[in-house]
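*Asks:* Protein chains in written order, with numbering that gives the first Met the number 0: chain A, 0 to 187; chain B, 0 to 187. Using N, Cα and C, we set each Cβ at its ideal position, and we do this for glycine too.
Number of protein chains: 2
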Amino acid sequence: MDEQQPARRPGGRAARVGAAVHQAVTDLLSERGYGKFTVGDVAARAGVADSSIYRRWGSLEILLSDVVLTRLNARSPMPDTGSLAGDLRTYAANVAREITGPDGLALLRLAVALSSNGQQGLQALDDLLADRARQLQSMLDRAIERGEQALDALDVLDHVMAPMYIRVLFGIGPLTPEYVDNLVDRLL
Amino acid sequence: MDEQQPARRPGGRAARVGAAVHQAVTDLLSERGYGKFTVGDVAARAGVADSSIYRRWGSLEILLSDVVLTRLNARSPMPDTGSLAGDLRTYAANVAREITGPDGLALLRLAVALSSNGQQGLQALDDLLADRARQLQSMLDRAIERGEQALDALDVLDHVMAPMYIRVLFGIGPLTPEYVDNLVDRLL
């Protein structure tokens with residue numbers, strides 16, 4: 000590590016560079032798709048040097064994982080409405096909004112491309128999945144404590160998230176509020 | 000079209016070239032992944048000229064769609080066991096075997112990458128999905144004619160195929176026969 004920069008201050012140059020680089024990745028993903036751009040393309044779009052990106056992220060794959068983690072995590076806080084049905088409906092609606100938004104498909108495809116099953120597998124995506132599963136299980140555990148139905152996070156993955164993900168990935172129909180609510184109702 | 004080849008005979012040179020090119024694509028997908036190889040790489044691996052590939056398929060994306068269509072279609076004939084539960088269990092087991100096989104993940108990722116939602120969208124993948132949905136609906140319609148439960152092909156997509164696809168794409172657990180049967184049982 001031959002770091003020669005001054006110490007980073009939150010909200011300072013490092014934060015501005017981070018935001019510009021994330022935006023450049025999101026734009027390039029939407030315009031060209033995964034595998035069709037380089038660190039040099041990201042740097043040029045963000046107005047920074049290639050070396051700044053390599054120094055901070057190490058590789059294009061690590062940068063891409065960071066973008067997926069940030070975008071898909073930040074937008075779906077776990078709801079706490081007081082009932083299992085309310086929590087699951089709100090959570091499902093949040094996921095639906097996130098993956099049908101302007102960058103949703105690109106982020107979902109990127110998550111698939113980066114998942115550690117492949118030859119470019121990265122621990123970061125596994126961590127994302129594990130982290131989300133824990134948050135979801137906490138929400139489900141609160142319902143059990145209230146004496147409501149006991150569900151496992153994998154049941155929610157299989158019967159609420161997976162159908163929405165696959166429909167978005169393959170472009171099958173819109174995710175209407177009725178459709179999303181119906182997925183939750185079938186599970187309960 | 001300035002086709003200058005002699006007419007193709009089934010089982011002749013054209014068939015051998017087709018098989019060699021499909022195998023080269025499958026190998027390159029497993030080794031490098033989508034977006035990491037060119038028509039030139041496929042041609043070199045298959046021992047044919049680039050121009051042979053362009054003349055027959057037109058582009059790398061059309062060739063890739065042809066491979067997905069051939070591989071994922073040919074391996075899952077629709078069962079006809081005499082009962083809805085038997086048909087669905089057999090169908091689900093076939094899909095599970097196909098997508099957990101040596102090239103399954105690569106083909107599933109390729110289907111996601113090529114689906115017409117993206118900037119490189121191709122009609123061929125839409126046709127594949129529509130064709131599979133029709134075959135599945137025919138199987139479900141036979142059950143209705145026998146007086147069994149009425150199901151829609153999209154119910155099967157949402158609650159049997161989507162969970163298996165997402166678990167393979169994100170590397171979550173093995174698809175055990177018990178897990179696959181349980182997906183069918185929950186739907187029925």
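Output yes or no for whether 7 Å exceeds the beta carbon distance between B/Ala45 and B/Ala14.
*Replies:* Walking along the second sequence from the start, residue 45 of chain B turns up at place 46. Walking along the second sequence from the start, residue 14 of chain B turns up at place 15. No, the Cβ-Cβ distance between B/Ala45 and B/Ala14 is not below 7 Å.
*Asks:* Less than 7 Å between C-beta atoms, sequence neighbours within five positions excluded: which residues of the same chain meet that for B/Gln106?
*Replies:* To locate residue 106 of chain B, count along the second sequence from 1; it is residue 107. Before going further, note that residue 106 of chain B is Leu rather than Gln in the sequence given. Closer than 7 Å at Cβ, skipping near neighbours: Val67, Arg70 and Leu71.
*Asks:* Tell me, to the nearest whole angstrom, how far the beta carbon of A/Ile98 is from that of A/Met163; I am working on the premise that it is less than 8 Å.
*Replies:* Working through the first sequence from its first residue, we reach residue 98 of chain A at position 99. Working through the first sequence from its first residue, we reach residue 163 of chain A at position 164. That pair is a contact at about 6 Å.
*Asks:* What is the residue span of the alpha helix (DSSP H) that B/Met160 lies within?
*Replies:* If you number the second sequence from 1, residue 160 of chain B lands on position 161. From DSSP, B/Met160 is part of no alpha helix (DSSP H); its letter is neither H nor E.
*Asks:* Would A/Ala169 pass as an interface residue toward chain B - the criterion being a Cβ-Cβ separation below 7 Å?
*Replies:* Within the first sequence, numbered from 1, the residue matching residue 169 of chain A stands at position 170. This sequence places Phe at residue 169 of chain A; Ala is not what is there. Judged by the 7 Å Cβ criterion, A/Phe169 is in contact with chain B.
*Asks:* What distance in whole Å lies between the Cβ atoms of A/Arg108 and B/Ala112, which are believed to be in contact at a cut-off of 8 Å?
*Replies:* Within the second sequence, the letter at position 113 stands for residue 112 of chain B. Within the first sequence, the letter at position 109 stands for residue 108 of chain A. Their Cβ separation, rounded to whole angstroms, is 7 Å, which keeps B/Ala112 and A/Arg108 in contact under 8 Å.
*Asks:* Exposed or buried, B/Ala48, counting other C-beta atoms within 10 Å across all chains shown (16 or more means buried)?
*Replies:* Within the second sequence, residue 48 of chain B is the residue found at index 49, counting from 1. The residue is exposed, with fewer than 16 neighbouring Cβ atoms inside 10 Å.
*Asks:* State whether the stretch 133-147 of chain A contacts the stretch 145-154 of chain B, with contact taken as three or more CB pairs (one from each stretch) at a distance under 8 Å.
*Replies:* These segments do not touch.
*Asks:* By how many angstroms is the C-alpha of B/Leu87 removed from the C-alpha of B/Gly81?
*Replies:* Start at 1 with the first residue of the second sequence, and residue 81 of chain B comes out as number 82. Start at 1 with the first residue of the second sequence, and residue 87 of chain B comes out as number 88. Approximately 11 Å between the Cα atoms of the pair.
*Asks:* Measure the Cβ-Cβ separation of B/Ala161 and A/Ile171 and say whether it is below 7 Å.
*Replies:* For the purposes of this step, residue 161 of chain B is taken as residue 162 along the second sequence, with counting starting at 1. For the purposes of this step, residue 171 of chain A is taken as residue 172 along the first sequence, with counting starting at 1. Result no, Cβ atoms of B/Ala161 and A/Ile171 do not sit closer than 7 Å.
*Asks:* For A/Leu187, count the other beta carbons within 10 Å of its own beta carbon; 16 or more makes it buried, fewer makes it exposed. Which is it?
*Replies:* Within the first sequence, the letter at position 188 stands for residue 187 of chain A. With fewer than 16 other Cβ atoms within 10 Å, it is exposed.
*Asks:* Among the candidates A/Tyr90, A/Val41 and A/Leu168, whose CA atom is the shortest distance from the CA of A/Ala132?
*Replies:* The sequence position of residue 132 of chain A within the first sequence is 133, counting from 1. Nearest of A/Tyr90, A/Val41 and A/Leu168 to A/Ala132, Cα basis: A/Tyr90.
*Asks:* Anything in the stretch 143-161 of chain A with a Cβ closer than 8 Å to a Cβ of chain B? List those residues in chain order, please.
*Replies:* Of all residues in the stretch 143-161 of chain A, Leu153, Leu156, Asp157, His158, Met160 and Ala161 have a Cβ within less than 8 Å of some Cβ in chain B.
*Asks:* Using a Cβ-Cβ cut-off of less than 7 Å, list which residues of the stretch 38-58 of chain A approach chain B; keep chain order.
*Replies:* Under the 7 Å Cβ criterion, the stretch 38-58 of chain A contributes no residue.
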